[in-house]
Amino acid sequence: MNERNANLLFATIAILVALVFTSFVLVLAGASPVAAYWYILKGSLGSWTKVADVLVAWVPLLLVTTGLLITFAAGLWNIGIEGQIVLGGIFTTWVLRLLQHSAMAPGLILFLAIAAGALGGALWAVLAGVLKVYGGVNEIFGGLGLDFVAVALTLWLIFGPWKRPGIGSMSGTEPFPESLWLPTLGHTRLSLWALLLGIVSIALVYFLLSGTYFGLKLKAVGKNPRAAYLLGIPATRYLMSAFLLSGLFAGLAGAVQVTAVYHRLIPAISSGYGWLGLMVSMLINFQPAWAAPVTLFFAILNIGSIQLPIVLQLDSSLSGVLQGALVLSFLLMAGVRQKWVARLRAEEGEA
Amino acid sequence: MEIELRHIHKTFGPVHANNDITLNVPSGIIQGLLGENGAGKSTLMKILSGYFHPDSGEIRINGSPIVMHSPADALRFGIGMLHQDPMDFPPMRVLDNFMVGYPQGLHPPRKEARAALKKISDQFGFSLDPDAYVDTLTIGERQQLEIARLLWLGAQVLIFDEPTTGISAQQKDSLFAALRRLAKEGKTVIFVTHKLEEVEILCDRVAVLRAGKLVGTATPPYDLDGLVRMMFGKAVSKGKRTPIEFGKPVLQLKNLAVEDSRLRIEGVNLEVREGEVIGLAGMEGSGQRQLLRAAAGLVRPVEGEIWVDGHNLTGKTYHDFLRRGVAYVPASRLEEGLVPTLSLMEHVILANEQRGLVIDRQAALEDTRKRIQTFNIRGRPLLPVESLSGGNQQRALLALLRPGLRLLLMEHPTRGLDIESAIWVWSTLKQRCREERTAIFFMSSDLEEILHYSDRILVFFSGQVSEPIPAESATTEQLGQLIGGRGFKTGKEASS
Amino acid sequence: MKRFWWLLVAALVLAGMVLSACGKSSTPTPEAKQPFVFGMLLVGPYNDHGWSQAHYEAGKYVEQKLGAQMLYVDKVNPADRPGTTAEQLAEDLVSKGAKLIIFNSDDMKDAALAFAKKHPDVYVIHASGDVSWKEGKDYHDLSNLSSVMGKMIYGKMMAGCAAAMTTDTGQIGYLGPLINDETRRLASSAYLGAKYCWEHYRGKDPKDLKFKVTWIGFWFNIPGVTSDPTQVADDFFNSGYDVVISGIDTTEALVEAKKFHDQGKNVYAVPYDFKDACSEAPSVCLGVPYFNWGPSYLKLIQAAQDGKWQSTFMWVGPDWKDINNPDTSAIGFEIGDALNDKASDAVTTFIDELANGLNLWTGPLNLQDGTVYLRDGEKATDQQIWYLPQLLEGMEGQSVQQQ
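In structure tokens form, the structure reads like this:
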């Protein structure tokens, strides 16, 4: 058995374990697993509208995961990604608010707003990077702190300076006029621009990490900063670049949330995509090639599981159970695989 | 306990790592196992200690055949192995490490363990503090801990795989004393090495492996030339010292002082010229490493100046030194020298000058193949570097050095290499001195190496540095005395 | 990688085939008689022992009374359902046959509006907002949209009264969420009720009553973002405040009161939202003001079913004949075990007075900064109450979010 076939085998086992576990939970809840999976599938891929909805949910998650791949390559746990999404949302909203009554063409306003979102996310990430590199604050704690600050900032803006006429509302800021929404495809909610942004982003980062000097040096810094230093790689600069790029994609995700999904700033603008992205990254063992299909699968689960309470009166958190079970069983299988590979290598290495 | 290996075969893909090996080891002796890197020594020992399963052949203990599926199995049969890299758990305490692998239940008997550790330590003259953290121990002490642990777990047969790699001469002496004690107490000791002098002073008998086959055995008094011929299939010699003409100064140290938490070196004045080789001798931890690192910009000196090719680089970073043609080769390959999980080819790409943004993988692959061939590395371009054996990792490090270097700083350039490889390494280094006018500044715990390859020698004794000694006129005895601190005269005193 | 994609596609196709084969047989056949189907979007879990569960149970109540059928989606918020909007989920419910959709939270205001605009043929109820209030500040003229809110001001007055009748120190704490018109209105109502009972039933000087509002910043605790409500409650109890009225969605005030009570201190709390809230710590619970959405929903859904729907704004108070009648009263107050008999009688008397027309929103009343809110004898309009700009004079605490 060679390594690639083995990887596939381990992945299949992991999926089966997760499915069996979730089925068991479903049976305990008194539901037919087959029916539940069927409705999830039907509710996500059953019509073009549904497929479009899945893609709408896919794009921000894909962007966030794309960003995380960069920091993970550099050996960094960018927990601050949630805050970076939020700042992306805030910066985008800010530019839209500034320009919405101007005479500028809506397309240009949108472009500037999305660029501002990317900038906002990048700034927030660089802040976490500065704290780590120059302040000695571990990026996990620094990031976590910045996440909280970002959420507090959002709430303050929504109930303070940017509150809607009349009464500040949990519903968020006043929605933007439809001319400032990213145009959608037909009667769906899907914006082809957003979709394009997502696909181009992951393709770029895939190439960046696998085909360029930058990506290789980033990996070297991530795996062994001391050796990388002796090889002449300026570690600090690469760590900061990793934060910056990661935040840029997170900021884009925030911008897409504002311009293509919610059309305003809402208190939970990040939708928890940061945490979900971290989960996906672990699930795919930080390999860029798997990011697109696995985030798509998660989007399918998110959209499809809406059918559970509607049709089966089931608690819809069961899709969360399936996601969690998947991650756990993949981590488990990764452990098993690692042992197996180590053994294989040890035997080969002796030869 | 008597061990018999009978007709052991083991292949990895196309490589026949062990080819019909039959060997008897009686108890109470130290059995040497000699061979160059990749001769199949480690494979054979891993089979004997349960890590690998032989393709065919059998293992007998006291005449009866046994089958093992894991190292734990082997330990149940009384066979334990110490690895090249001690496999302990650094953040844990000595006592906890000692108890790892103890087979009983959730509540290990700490008191008993403590007593047992003390008893074994006393018996073998080990100095192990049960409450110290393992990462504060020297490699020698870690080995002692591992020996104690295996003995406590009931090992009757102890296998040592290149145990003298990376330990000081003093630690080596106490290790050998312990091995002799073990043999005297009736244990079976198998000692794997590629160093002839170790076989000579320690082993009661020796078996030689070459290319997977057992090519001969010998008992004292040893015919060393005969052993070398067996190891390599031919005679090898270090070659004669060929004088090189030195050029203008490359490295200048002016009244340099370096300091860390343990010791301070001061008043170092030295000029290293093009093509010259300077060896740093001394007990490990006497300050050689600090000086070497300071000369690379990895440690900032507290006083004095460092000049490279007429440029004052005092206080600059390593990367500034790098740009001036200085390179540093560390001793800890996987910690500092190489990036685990990256392949050999990726290392070659990183070591090369960057061209554009996108990597040309085809060119890199060809380049890597060429270097693998030139540097005789046993490994494939796309396999991660940690899958290479220690000797091949060292070759890889050398293969990564750019051509045209001005100054090469090296920690233990041939540590872990067999004689032939060491000779080859030095021939390539000397070639650099001759053809590229590179100056070399290296430290080693192998006095022979220092004497043979250096032009001048600095001896270190707990932070004091001797004035440069011309290697041609120096002797082992003279250096040995200096290293021990006798007849010491520092460069500072000499110059003042 | 190619191989992987190929396998993925194959697996999906196979799964699709298997599932469709099984799916067909398990799809229930439609019933002959078509009940009226309404949908409900719940912001939290349907079983949250709070806001969302109250709505969910109201939906069940309507199902039972009307023979209608409810479809619901819970946890309708961007964090729980990334990539979805309430509007989209509402459309999902419509595609399943719903003719009327309830949006149960202020969060969904924009979604409710957008949905109502886009689907004039579907009835929309927005709970807790003012969007269909002609006299309100945020009116939207949409004939298929109604909004509903309970007059919790009365419930809060009763809570304030219960607190005033119980306190020994004359200090009442109010654990507030974030600051907006609604929360100012409710905190002030609690103060009005407390002041009235303190003055008229205990015969004391209103100047001796301390009433302090501390805002935590959100409806529930978010570590690092809001003040910790546990800490705020502790501070109240440690600094002489012996009754804390909760204005937030979670029960920290009650839990902390119990902790102090168990250490021998005489302190009490009044929770919020959910009828059974007291059951968590009956020994310190003075009572709970709660919402009962059932009757309002029944009325609106009945109208929709009978084709008599009219866009309305319902700001409904208690049924003064029996404020705890599940079939008639939108607001109730459940008296708690910890309220002593004398205080309990007083609260009952207070409720009777309110039922007989006592209006506490009557002048003279000043705003916190001393400006006149109501002149002597002037009665506040609904607008004046709904959009209360500051806390009232006599209350401690911030009136507006500090920036």
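Chains as they are written, first to last, in numbering that gives the first Met the number 0: chain A, 0 to 350; chain B, 0 to 495; chain C, 0 to 402. Backbone N, C-alpha and C define an ideal beta-carbon position, used for all residues, glycine too. Fair warning: this is a prediction, and the values are worked out from it, not measured in the lab.
For the candidate residues the options, whose alpha-carbon lies nearest to that of residue i?
i	options	result
residue 117 (chain B)	B:138, B:93, B:135, B:59	B:93
residue 220 (chain B)	B:199, B:373, B:286, B:310	B:199
residue 176 (chain B)	B:146, B:218, B:152, B:97	B:146
residue 54 (chain B)	B:148, B:18, B:131	B:18
residue 162 (chain B)	B:349, B:127, B:156, B:82	B:82
residue 370 (chain C)	C:381, C:360, C:388, C:354	C:388
residue 74 (chain A)	B:9, B:339, B:187	B:339
residue 411 (chain B)	B:476, B:196, B:278	B:278
residue 27 (chain A)	A:314, A:118, A:328	A:314
residue 170 (chain C)	C:265, C:374, C:291, C:295	C:265
residue 208 (chain A)	A:163, A:263, A:290, A:328	A:290
residue 268 (chain A)	A:255, A:276, A:278, A:246	A:255
residue 37 (chain B)	B:460, B:483, B:388, B:436	B:388
residue 142 (chain B)	B:153, B:130, B:125	B:125
residue 79 (chain A)	A:122, A:37, A:224	A:122
residue 310 (chain C)	C:271, C:129, C:286	C:129
residue 16 (chain B)	B:471, B:44, B:324	B:44
residue 95 (chain B)	B:144, B:405, B:369	B:144
Run down chain C in chain order and give the residues with a C-beta less than 8 Å from the C-beta of residue i.
i	result
residue 56 (chain A)	81, 82, 83
residue 302 (chain A)	82, 83
Using a 10 Å radius around the Cβ and a threshold of 16 neighbouring Cβ atoms, would you call residue i buried or exposed?
i	result
residue 66 (chain B)	exposed
residue 146 (chain A)	buried
residue 169 (chain A)	buried
residue 363 (chain C)	exposed
residue 30 (chain C)	With a pLDDT of 45 at residue 30 (chain C), under the threshold of 50, the modelled position of that residue is not reliable, and the figure given next carries that caveat. Its Cβ having fewer than 16 others within 10 Å, residue 30 (chain C) is exposed.
residue 133 (chain A)	exposed
residue 288 (chain A)	exposed
residue 218 (chain A)	buried
residue 110 (chain A)	exposed
residue 273 (chain B)	buried
Could you work out which residues of chain A lie near residue i, taking near to mean beta carbons separated by less than 7 Å?
i	result
residue 103 (chain C)	In chain order: nothing, as chain A lies at least about 12 Å away.
residue 452 (chain B)	Residues of chain A passing the Cβ test: none, with the nearest at roughly 23 Å.
Just to make sure I have the definition right: I need the residues of chain B whose C-beta is within less than 8 Å of the C-beta of residue i. Which are they?
i	result
residue 133 (chain A)	By Cβ distance, chain B contributes nothing, its closest Cβ being about 16 Å from residue 133 (chain A), past 8 Å.
Quick check on DSSP: helix, strand or coil for residue i?
i	result
residue 352 (chain B)	coil
residue 380 (chain B)	coil
residue 219 (chain C)	coil
residue 103 (chain C)	coil
residue 206 (chain C)	helix
residue 480 (chain B)	helix
residue 378 (chain C)	strand
residue 16 (chain A)	helix
residue 42 (chain A)	helix
List, in order along the chain, the chain A residues whose C-beta lies closer than 9 Å to that of residue i?
i	result
residue 300 (chain C)	Simply none; closest approach about 18 Å.
Against chain F, with Cβ distances strictly below 8 Å, would residue i count as a contact?
i	result
residue 194 (chain C)	The chain inventory of the structure shown lacks chain F, comprising the protein chains A, B and C.
Going along chain A in order, which residues have a C-beta closer than 8 Å to the C-beta of residue i?
i	result
residue 219 (chain C)	Here the premise fails: no neighbours, minimum Cβ distance about 12 Å.
residue 89 (chain C)	By Cβ distance, chain A contributes nothing, its closest Cβ being about 11 Å from residue 89 (chain C), past 8 Å.
Mind pulling the chain C residues with CB within less than 7 Å of residue i?
i	result
residue 69 (chain A)	Result: empty, since nearest Cβ-Cβ is about 20 Å, beyond 7 Å.
Task: Start-end ranges of the beta strand (DSSP E) lying completely within the region 177–243 of chain B, minimum 3 residues - done: Runs of the beta strand (DSSP E) inside the region 177–243 of chain B: 187–192, 204–209, 212–217.
Open item on the list: Ignoring anything shorter than 3 residues, give me the beta strand (DSSP E) runs that lie fully in the region 131–165 of chain B, in order along the chain.
Closed with: Fully enclosed beta strand (DSSP E) runs of no fewer than 3 residues occupy 156–160 of the region 131–165 of chain B, in order along the chain.
Open item on the list: So within the region 239–317 of chain C, which uninterrupted alpha helix (DSSP H) runs reach at least 4 residues, ignoring any that extend past its ends?
Closed with: 251–261, 293–304, all fully within the region 239–317 of chain C.
Open item on the list: What ranges does the alpha helix (DSSP H) occupy inside the region 229–310 of chain A, keeping only unbroken runs of at least 4 residues that lie completely in it?
Closed with: Those alpha helix (DSSP H) runs which fall completely within the region 229–310 of chain A and span 4+ residues are 234–255, 272–282, 287–303.
- [ ] Would you mind listing the alpha helix (DSSP H) stretches within the region 51–98 of chain A that are 4+ residues and don't spill past its ends, in chain order?
- [x] Whole alpha helix (DSSP H) segments, 4+ residues: 80–98.
Task: Within the region 161–216 of chain A, ranges of the alpha helix (DSSP H) (whole runs, at least 4 residues) - done: Runs of the alpha helix (DSSP H) lying entirely within the region 161–216 of chain A and spanning at least 4 residues, in chain order: 191–210.
- [ ] Would you list, in sequence order, the uninterrupted beta strand (DSSP E) runs of no fewer than 3 residues that lie entirely inside the region 22–59 of chain B?
- [x] 29–33, all fully within the region 22–59 of chain B.
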